[in-house]
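Keeping their order, the protein sequence lines are chains A and B.
Here the first sequence stands for residues 1 to 293, numbered as in the working numbering.
Here the second sequence stands for residues 294 to 635, numbered as in the working numbering.
For each residue, glycine too, the CB sits at the ideal point set by N, CA and C.
Predicted, not measured: the structure shown is a model, and the values here were computed from it.
A short write-up of the structure that comes next.
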Amino acid sequence: MSSVAQRRSPALIVLSTGFVVLWLVIAAFPFLWTLWGSFKVQGDFFSRADWMNAIWGTRTIVETGASFTGAGYEGAWIQEGFWQAALNTFIVVFFTVIISLTFGTLGGFALARSGYRYAFWLLMLALVFRAMPHITLVSGYLLPFFEWNLWGHKTTGIIVLVAINQPFTLWMLHSFFLNIPKDLDESALVDGCTRFQAFRLVIIPVMWPGVVTTGLFSFLLAYNDFAVTAMLLSQDNQTMVPAIAGFLGSTFEEGNVMFAVAAVVSATAPLFVLILFFQRQIVSGLTAGAVKG
Amino acid sequence: MPHRTFFWFILPSLLAMFLFIALPIGSVLVQSLFVEHEQVLIETENCGPFGCTPSVSVDQEATQALRDANPLGRFNGFGTYTDRNHLAFVEVADGWATSDGWADFGSRLMNLPFYKALAFTLAYTFLVTPLVIILGLAIALGVNGLPKMLKGATIFVSLLPMIVTPLVGSLILFWMIDADGIIGATLQRLTGDPSLSLKASPALTWLTLFIYGVWHSAPFAFIVFYAGLQTVPAETLEAAQIDGASRWQRVRYVTIPYMAPLVVFILLIQLMDNFRVFEAIVGLSAQANASSLSILIYSDLRGDVAQFGSAAATSMMTIIGVAILLTPVLIRTWRDFNRKRA
Numbered sequence: 001m002s003s004v005a006q007r008r009s010p011a012l013i014v015l016s017t018g019f020v021v022l023w024l025v026i027a028a029f030p031f032l033w034t035l036w037g038s039f040k041v042q043g044d045f046f047s048r049a050d051w052m053n054a055i056w057g058t059r060t061i062v063e064t065g066a067s068f069t070g071a072g073y074e075g076a077w078i079q080e081g082f083w084q085a086a087l088n089t090f091i092v093v094f095f096t097v098i099i100s101l102t103f104g105t106l107g108g109f110a111l112a113r114s115g116y117r118y119a120f121w122l123l124m125l126a127l128v129f130r131a132m133p134h135i136t137l138v139s140g141y142l143l144p145f146f147e148w149n150l151w152g153h154k155t156t157g158i159i160v161l162v163a164i165n166q167p168f169t170l171w172m173l174h175s176f177f178l179n180i181p182k183d184l185d186e187s188a189l190v191d192g193c194t195r196f197q198a199f200r201l202v203i204i205p206v207m208w209p210g211v212v213t214t215g216l217f218s219f220l221l222a223y224n225d226f227a228v229t230a231m232l233l234s235q236d237n238q239t240m241v242p243a244i245a246g247f248l249g250s251t252f253e254e255g256n257v258m259f260a261v262a263a264v265v266s267a268t269a270p271l272f273v274l275i276l277f278f279q280r281q282i283v284s285g286l287t288a289g290a291v292k293g
Numbered sequence: 294m295p296h297r298t299f300f301w302f303i304l305p306s307l308l309a310m311f312l313f314i315a316l317p318i319g320s321v322l323v324q325s326l327f328v329e330h331e332q333v334l335i336e337t338e339n340c341g342p343f344g345c346t347p348s349v350s351v352d353q354e355a356t357q358a359l360r361d362a363n364p365l366g367r368f369n370g371f372g373t374y375t376d377r378n379h380l381a382f383v384e385v386a387d388g389w390a391t392s393d394g395w396a397d398f399g400s401r402l403m404n405l406p407f408y409k410a411l412a413f414t415l416a417y418t419f420l421v422t423p424l425v426i427i428l429g430l431a432i433a434l435g436v437n438g439l440p441k442m443l444k445g446a447t448i449f450v451s452l453l454p455m456i457v458t459p460l461v462g463s464l465i466l467f468w469m470i471d472a473d474g475i476i477g478a479t480l481q482r483l484t485g486d487p488s489l490s491l492k493a494s495p496a497l498t499w500l501t502l503f504i505y506g507v508w509h510s511a512p513f514a515f516i517v518f519y520a521g522l523q524t525v526p527a528e529t530l531e532a533a534q535i536d537g538a539s540r541w542q543r544v545r546y547v548t549i550p551y552m553a554p555l556v557v558f559i560l561l562i563q564l565m566d567n568f569r570v571f572e573a574i575v576g577l578s579a580q581a582n583a584s585s586l587s588i589l590i591y592s593d594l595r596g597d598v599a600q601f602g603s604a605a606a607t608s609m610m611t612i613i614g615v616a617i618l619l620t621p622v623l624i625r626t627w628r629d630f631n632r633k634r635a
């Protein structure tokens, strides 16, 4: 890559590196700040006197005797029962991803292998569905769900999230299956397999990279969702994101905003780990749709 | 693939989408034509020593019975669409007739909830989207020039704002811009105005939301552009340089044309996502100064008595908005598809 065209003047290198460093600070600082501040007391994290207090933990030392405190986490996880929300999130997200991928691989495979016009129209329809704001769909669900007593259950939430996930999952897996050569399953058909056998014996063994990448995005969609989980799940079944929103309503008066800060950090941690391990898949997933047009 | 096999393969997925995306749209349409029942009033006479006085009270039992018997409410046609909380035909016509000048008419329009929300949604969509594309391209060009060993870590950090839950991301920003938070306090010190609050004025709230939107979405554009940059052939760049093109000219006439299809892709995704701006407003508690179409629906459903009819009418108009937004893309894709077949 050290061709002449790549060589650059020192001034430009300084400028562009400076810009990237600035961006990295803007991208990372809010998270580092909140992570650090979550181990302080409210008087430090929201310091009227001097924001440097949040770094040294001046009030924290006065109030708790140490410069770090886990009071926010204790309050959120134990006192306010955030563990229940975390457990609910795990259940909802796990089943949403599994079911989404099962439906999506079957559908995506069919769309990739069918040359008919209706396959194209289905993809376009999926694109339109993908664009629907989730809250408009929720306003369609609420009344019927109330009437049929479906409201509030985890199962309802899971099914709705699976459905909302489908357009995206279909598109993504469809483009992955287009990359798997047709000859592979056609030769299996010649050898006497049925379509489903060809899918099971020939396609499934080679599809995992695509499925893992799509799974990551299904996970993110379900994990990050607020509109559906906040409106369709009852208090007991609430997942982490609406639970955090609920903290805000209840904790501002009590001066326990630190519970919400701790909860926010707790909910971000899994995402952090996720990027750490799956960065390559996330990047390839983001670009999969784009590079192929 | 034969039709029959295709059908069985796609059935689960299609069924899920039909039941929980297509039917709800139908349900929204039906709901939008109805409004809640009026309360049943009964007239009773209170008789005391000085004669009888008639009084009107709400018959709770009868009202409840009516609601239970007909949960949709009573038929209202397109009445909900044209009332004050939606398209507000009467108020707009009145404003048009009596206002002096565009500014006055505009400010009257902004007092109507639907137009206020629409204005913010459109402003957000059409400001944040281009900014995201420009910033994303700039970051991608910058990162592309970094030494190889630093790229991985840079991409990791850059992904954070996008991957993190929107509500959580906006809450983090909300705490930082608090008057006692780090950004809010620093701004007060810098401007020397101890009453400066980013949360109080509509203009500053809008600005905060736009900044959040760009911060949240720029990584997406960055990653897509960065991947695209790897496909720009070095030979073309070298040829341009031999022909005497400056660095800027090479970016302008070689790199950017290679990025054009990616811009279309990012544009499509960003328009869809920015049009439904929602969590950021909840996270920043900005409902008072900035509301979006999604927020209108949310607050209708969240009220003490859920107003299904009103929420459904707004939903319907949001869906129409999405359709208008998507039409150019759909037409383009349809043309491409036909060209490929031909």
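Query                                                                                                                              : Result
Beta-carbon separation (whole angstroms), G429 of chain B vs F515 of chain B, contact threshold 8 angstroms                        : 4 angstroms
8 angstroms Cβ cutoff, P550 of chain B in contact with chain A                                                                     : no
Contact with chain B by G57 of chain A, beta-carbon distance below 8 angstroms                                                     : no
Nearest residue (CA-CA) to D629 of chain B, options A:F82, A:L161, A:M124 and A:V14                                                : A:M124
Among A:L286, A:M132, A:F129 and A:S266, nearest to T34 of chain A - alpha-carbon criterion                                        : A:S266
Under 9 angstroms from the C-beta of T337 of chain B: neighbouring residues of chain A                                             : Within 9 angstroms Cβ-Cβ: nothing; T337 of chain B doesn't reach chain A, min ~32 angstroms.
Given 8 angstroms, three or more beta-carbon pairs between the segment 340–347 of chain B and the segment 165–178 of chain A       : no
Chain A within 8 angstroms of I617 of chain B, Cβ atoms only                                                                       : no
Reference E354 of chain B; option with closest CA among B:I588, B:S603, B:Q600 and B:I335                                          : B:I335
Coil, strand or helix - L312 of chain B by DSSP                                                                                    : helix
Given 8 angstroms, three or more beta-carbon pairs between the segment 521–534 of chain B and the segment 545–563 of chain B       : yes
Chain B contacts made by the segment 234–247 of chain A, where a contact means CB separation under 9 angstroms                     : M240, V241, P242, I244 and A245
Option in A:S218, A:Q197 and A:Y141 with minimal Cα separation from F311 of chain B                                                : A:Y141
Best match in B:D471, B:T418, B:D352 and B:F327 for proximity to T375 of chain B [C-alpha to C-alpha]                              : B:F327
Cβ pair A381 of chain B, I588 of chain B closer than 8 angstroms                                                                   : no
CA-to-CA distance, F219 of chain A to A269 of chain A, given in whole angstroms                                                    : 14 angstroms
Test: G412 of chain B CB closer than 8 angstroms to a CB of chain A                                                                : Position check: residue 412 of chain B holds Ala in this sequence, whereas Gly was assumed. Cβ-Cβ to chain A under 8 angstroms: no for A412 of chain B.
Amino acids of chain B, ordered along the chain, whose beta-carbon sits closer than 8 angstroms to that of R200 of chain A         : Ordered by position in chain B, no residue passes the 8 angstroms Cβ test against R200 of chain A, which lies about 12 angstroms from the chain.
Cβ-Cβ distance between A416 of chain B and M403 of chain B below 8 angstroms                                                       : no
is_contact[S490 of chain B, chain A] using C-beta, thresh 8 angstroms                                                              : no
Residue range of the unbroken alpha helix (DSSP H) whose run includes N437 of chain B                                              : P406 to N437
Contact under 8 angstroms by Cβ, F278 of chain A with L189 of chain A                                                              : no
Burial state of S47 of chain A, where buried means 16 or more other Cβ atoms lie within 10 Å                                       : buried
Residues near S3 of chain A by beta carbon distance below 8 angstroms, same chain, minus five either side                          : Note on S3 of chain A: pLDDT 48, under 50, position unreliable in the model; no value is reported.
Identity of the residue in A:F109, A:S67, A:I26 and A:G57 nearest I180 of chain A by Cα                                            : A:F109
Beta-carbon spacing of I574 of chain B, L502 of chain B below 8 angstroms                                                          : yes
Proximity of G104 of chain A and T214 of chain A at Cβ, strictly below 8 angstroms                                                 : yes
Partner residues on chain A for Q324 of chain B, Cβ-Cβ distance less than 8 angstroms                                              : S139, G140 and L143
Spatial neighbours of F571 of chain B in its chain, beta-carbon cut-off 6 angstroms, leaving aside the 5 residues before and after : S587
Nearest-angstrom beta carbon gap, V351 of chain B and L271 of chain A [assumed within contact, 8 angstroms]                        : No, L271 of chain A and V351 of chain B are not in contact; Cβ-Cβ is about 49 angstroms, not under 8 angstroms.
Proximity below 8 angstroms, CB of T96 of chain A to CB of L161 of chain A                                                         : yes
Cβ separation of I244 of chain A and A230 of chain A, assumed to be a contact under 8 angstroms, to the nearest whole Å            : Their Cβ separation, rounded to whole angstroms, is 10 angstroms, which puts I244 of chain A and A230 of chain A out of contact at 8 angstroms.
Closer than 8 angstroms to chain A by CB, D486 of chain B                                                                          : no
The segment 444–454 of chain B contacting the segment 13–32 of chain A, beta-carbon criterion three pairs below 8 angstroms        : yes
CB contact flag (D185 of chain A, I203 of chain A, <8 angstroms)                                                                   : yes
Helix, strand or coil at S392 of chain B [DSSP, three-state]                                                                       : coil
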